[in-house]
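Structure first, commentary second.
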Amino acid sequence: MTTLAATHASSAEVKALAAKIRKEQEPEITTMSGWLMAWGEPVPSPGAMHHDSGDMGGMPGMLTDTELRQLGAATGPAFDKLFLTLMIKHHEGAVETATTAQSQGSAVKQLAGSIVTSQTAEIAEMKALLDKLP
Numbered sequence: 004m005t006t007l008a009a010t011h012a013s014s015a016e017v018k019a020l021a022a023k024i025r026k027e028q029e030p031e032i033t034t035m036s037g038w039l040m041a042w043g044e045p046v047p048s049p050g051a052m053h054h055d056s057g058d059m060g061g062m063p064g065m066l067t068d069t070e071l072r073q074l075g076a077a078t079g080p081a082f083d084k085l086f087l088t089l090m091i092k093h094h095e096g097a098v099e100t101a102t103t104a105q106s107q108g109s110a111v112k113q114l115a116g117s118i119v120t121s122q123t124a125e126i127a128e129m130k131a132l133l134d135k136l137p
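Counting from 4, one number per residue, gives the positions in the sequence shown under this note's numbering.
Here it is, written out as structure tokens:
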């Protein structure tokens, strides 16, 4: 999603926010992928974390293939609105998952706390940007 913003978004603010989100989430993804490898679990490939059934093991906030296709086809202000709307959904799911995970072990708890803090702030920023769009 964040990669698309560089070429599809019309708002400089949306482009900057997408770059910030991408930069912040890369180390989180690396950490969680490392945990999965250490636990002998499969590590999903990038882009594999969405599913048209919305099932994905009950992971809230995961986008469907249809939503991702719609985002990829959108440009300009329509992209900006859809990006912010879908990213809010995605972040709210991450906050929900991370809040639940905070009751787990210390490393998971620390990362979960970081996700709750950063993504809650980004949700507020995205909602404010969404409200400013025509």
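We put the beta carbon where it would ideally sit given N, CA and C, even for glycine.
| Asked | Found |
| --- | --- |
| From the DSSP output, in three-state form, read off E29 for me. | helix |
| Look up M40 in the DSSP assignment and say whether it is helix, strand or coil. | helix |
| Considering P80, what are the terminal residues of the alpha helix (DSSP H) in which it resides? | G79 to A104 |
| When the distance is taken between beta carbons, is A21 closer than 8 Å to T10? | no |
| Does the beta-carbon distance from K135 to I91 come in below 8 Å? | no |
| When the Cα atoms are used, what is the spatial distance from G79 to S14? | 8 Å |
| By Cβ distance below 8 Å, which residues in the same chain neighbour H93 in space, the five residues on each side in sequence not counted? | M4, G64, M65 and L66 |
| How many Å lie between I126 and D68 at the Cα? | 22 Å |
| With a threshold of 7 Å on Cβ separation, who are the neighbours of M40 within its own chain once the five nearest residues in sequence on each side are excluded? | V46 |
| Among S36, L132 and E99, which one has its Cα closest to the Cα of T123? | E99 |
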